[in-house]
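Visitor: Chains as they are written, first to last, in the numbering used here: chain A, 1 to 206; chain B, 207 to 412. Beta carbons: idealized from backbone N, C-alpha and C, even for Gly. I have a structure here, written as structure tokens, and I will follow up with some questions on it.
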DNA sequence: AATTGTGAACCTCTTCACAGCT
DNA sequence: AGCTGTGAAGAGGTTCACAATT
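Structure below.
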């Protein structure tokens, strides 16, 4: 497949979510122009994004919402259950165990790893909190696909390396630090400080 | 000032965080090349980003970490306290009241707004949970600069409009939906579903 | 000798504009 | 007539490469 840009993938994910909403509202067809309005982008962008993956529309009519959602789901790999583990049972880690949006899209949070012995052995929203030292055995048993890093910045790199060594290739990083990983591993950052500081910049200069 | 790209602002924010870490480690000087390694980018990118705002380095030597951190702090507006309110006392909203990274950088969370009467009047990590109906009076009293939206997608647009009408110009949106706002208002999205679905795409196609 | 600051080259992503379908 | 799909043009962001400076 041709190289797909990150921005295209992100927008595909947004189309997917908007389509879910449209289907709930019993909308059966949508044009690239309408979709563009929902996402605050241009209609050419919508059509171009979709065109990387195929021809899903009907000229003169638009796109069938249910069909397009299914197609995008397949493209993004959401027709599949992904096993996820969180590292860190702090505020963020615990909040994520109850983030229903993840479960709804096929991301199953099976474990929270922790090093704090007072938390190990307990549960959080029904998810077992497990000793990080048992990561290896747990990794095999649960077939973990994705690790969510929710530990302080100073431990994030070490945690990441530990799971890279076990074979994990996908990380969602909440620690405010840039992780160093091999080429075949992907990290997506959820850096709340960066976003709020961008707002600060805007308020000062915008 | 010349138009600064979003990516440059985000990287400035990352440099700022890396500089804090370097200063803690008593590093006094850093070259663009070293900084680039930390951030996984090129040294030309580091120099170009900084050059939009001035000349902060010394040729042959590099950048003084303390000076550069101060400069970037001013550029980003972090030499100032910003008053922040969260809307929604769910998992994410509550977790954010205890996100120390925010306080450390001058973002002061003064209020959590809620509509659920059983939560109103209580506190979360020392922050009052206030009736959303009292937003107007509270907005004036607290001089709110930034609103963090942590409500379900279906309420996010209405919440946003309510505060836009009160005069808020900066939003950090955790709801997985694209918000429609006037030109003079900025929204930054923290869309965890988008990031994890990008990982799914990578695992399937990468 | 080392490293910055920057115009120019390069590359990537977005938008235009229209042929081609329905 | 209306809307998609797409090659070409345009805009914007990144990297190169080197003169300038310490």
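Per DSSP, which residues does residue 329 of chain B bridge with? Please list them.
Guide: B/334, per the DSSP bridge assignment.
Visitor: Let me check you understand the geometry: is the CB of residue 360 of chain B closer than 7 Å to at least one non-hydrogen atom of the ligand FMN?
Guide: As for the ligand FMN, it is missing from this structure, which has no ligand bound.
Visitor: Taking 8 Å as the cut-off, does the stretch 39-54 of chain A touch the stretch 367-379 of chain B (at least 3 CB pairs, one atom from each stretch)?
Guide: Contact fails: fewer than three Cβ-Cβ distances are below 8 Å.
Visitor: Shorter than 8 Å from the beta carbon of residue 35 of chain A to some beta carbon of chain B?
Guide: Residue 35 of chain A does not count as touching chain B.
Visitor: If I measure Cβ to Cβ from residue 296 of chain B and keep anything under 7 Å in the same chain, skipping five residues before and after, which residues do I get?
Guide: So the list reads 356, once near-sequence residues are dropped.
Visitor: Among B/263, B/259, B/272, B/210, which one has its Cα closest to the Cα of residue 231 of chain B?
Guide: The shortest Cα separation from residue 231 of chain B among B/263, B/259, B/272, B/210 belongs to B/272.
Visitor: Suppose you measure from the CA of residue 345 of chain B to the CA of residue 408 of chain B; what does that come to, to the nearest Å?
Guide: Looking at the two C-alpha atoms, the distance is approximately 43 Å.
Visitor: Can residue 13 of chain A and residue 293 of chain B be called in contact, C-beta distance under 8 Å?
Guide: Cβ distance not < 8 Å, so residue 13 of chain A and residue 293 of chain B don't count as in contact.
Visitor: Give, in chain order, every unbroken run of the alpha helix (DSSP H) that is at least 4 residues long and sits entirely within the stretch 260-332 of chain B.
Guide: Within the stretch 260-332 of chain B, the complete alpha helix (DSSP H) runs of at least 4 residues are 271-282, 297-303, 306-310.
Visitor: Use the C-beta contact count for residue 7 of chain A: other C-beta atoms within 10 angstroms, 16 or more gives buried, fewer gives exposed.
Guide: Exposed: under 16 other Cβ atoms inside 10 Å.
Visitor: What residues of chain A sit near residue 382 of chain B, judged by a beta carbon separation below 7 Å?
Guide: The answer, in chain order, is 17, 101.
Visitor: Contact check, residue 385 of chain B vs residue 392 of chain B under 8 Å by CB: the rounded distance?
Guide: At roughly 10 Å, the Cβ-Cβ gap does not stay under 8 Å, so residue 385 of chain B and residue 392 of chain B are not in contact.
Visitor: In chain order, what residues of the same chain have a beta carbon less than 7 Å from the beta carbon of residue 152 of chain A, not counting five sequence neighbours either side?
Guide: Same-chain partners within the cutoff: 175.
Visitor: Residues bridged to residue 209 of chain B by DSSP?
Guide: For residue 209 of chain B, which the question treats as bridged, DSSP gives no partner whatsoever.
Visitor: If you draw a straight line from the C-alpha of residue 76 of chain A to the C-alpha of residue 17 of chain A, how long is it?
Guide: If I take the Cα positions, the gap works out to 12 Å.
Visitor: For residue 203 of chain A, name the three-state secondary structure that DSSP assigns.
Guide: Helix, per DSSP.
Visitor: Could you spell out the range, first to last residue, of the alpha helix (DSSP H) harbouring residue 256 of chain B?
Guide: First-last of the alpha helix (DSSP H) with residue 256 of chain B: 249-257.
Visitor: Would residue 412 of chain B count as contacting chain A if we go by Cβ distances under 8 Å?
Guide: Residue 412 of chain B counts as touching chain A.
Visitor: If you measure from the beta carbon of residue 145 of chain A to each beta carbon in chain B, is any gap under 8 Å?
Guide: Yes, because at least one Cβ of chain B sits closer than 8 Å to the Cβ of residue 145 of chain A.
Visitor: Given this structure, state the Cα-to-Cα distance separating residue 262 of chain B from residue 361 of chain B, to the nearest angstrom.
Guide: Approximately 45 Å between the Cα atoms of the pair.
Visitor: Could you compute how far the alpha carbon of residue 402 of chain B sits from the alpha carbon of residue 237 of chain B?
Guide: When rounded, the distance between both Cα atoms is 34 Å.
Visitor: Note down, in chain order, all residues in the stretch 310-332 of chain B with a beta-carbon under 8 Å from any beta-carbon belonging to chain A.
Guide: Residues passing the 8 Å Cβ filter: 311, 312, 313.
Visitor: Can you list the residues of chain B that residue 78 of chain A reaches, using a CB-CB cut of under 8 Å?
Guide: The answer, in chain order, is 403, 406.
Visitor: Using a C-beta cutoff of 8 Å, does residue 245 of chain B count as contacting chain A?
Guide: Cβ-Cβ to chain A under 8 Å: yes for residue 245 of chain B.
Visitor: Quick one: does residue 98 of chain A have its CB under 8 Å from some CB of chain B?
Guide: Answer yes: the Cβ-Cβ gap between residue 98 of chain A and chain B drops below 8 Å somewhere.
Visitor: Chain A partners of residue 396 of chain B, CB-CB under 7 Å?
Guide: Near residue 396 of chain B (Cβ distances below 7 Å), the residues of chain A are 190, 192, 195.
Visitor: List in chain order: all unbroken beta strand (DSSP E) runs of 3+ residues lying wholly within the stretch 136-170 of chain A.
Guide: You should have 146-149.
Visitor: So what's residue 378 of chain B in DSSP terms, helix, strand or just coil?
Guide: Of the three classes helix, strand and coil, the one that applies to residue 378 of chain B here is strand, per DSSP.
Visitor: Is it right to say residue 79 of chain A is buried, meaning 16 or more other beta carbons lie within 10 angstroms of its own, or is it exposed?
Guide: Classification for residue 79 of chain A: exposed.
Visitor: Measuring CA to CA, which of A/19, A/33, A/52 is closest to residue 3 of chain A?
Guide: Checked all of A/19, A/33, A/52; the closest Cα to residue 3 of chain A is A/52.
Visitor: Report yes if the C-beta distance between residue 291 of chain B and residue 317 of chain B is below 8 Å; otherwise report no.
Guide: Their beta carbons are under 8 Å apart, which means residue 291 of chain B touches residue 317 of chain B by this criterion.
Visitor: Using a Cβ-Cβ distance cut-off of 8 Å, determine whether residue 162 of chain A contacts chain B.
Guide: No - not a single Cβ of chain B is within 8 Å of the one on residue 162 of chain A.
Visitor: Please classify residue 383 of chain B: does DSSP put it in a helix, a strand, or coil?
Guide: Three-state DSSP puts residue 383 of chain B in coil, outside helix and strand.
Visitor: From the DSSP output, in three-state form, read off residue 27 of chain A for me.
Guide: It is coil, neither helix nor strand.
Visitor: Counting contacts by CB-CB distance shorter than 8 Å, is residue 253 of chain B in contact with chain A?
Guide: Judged by the 8 Å Cβ criterion, residue 253 of chain B is not in contact with chain A.
Visitor: Check each candidate in A/161, A/162, A/9, A/204 and name the one with the smallest Cα separation from residue 73 of chain A.
Guide: For the residues A/161, A/162, A/9, A/204, the minimum Cα distance to residue 73 of chain A belongs to A/9.
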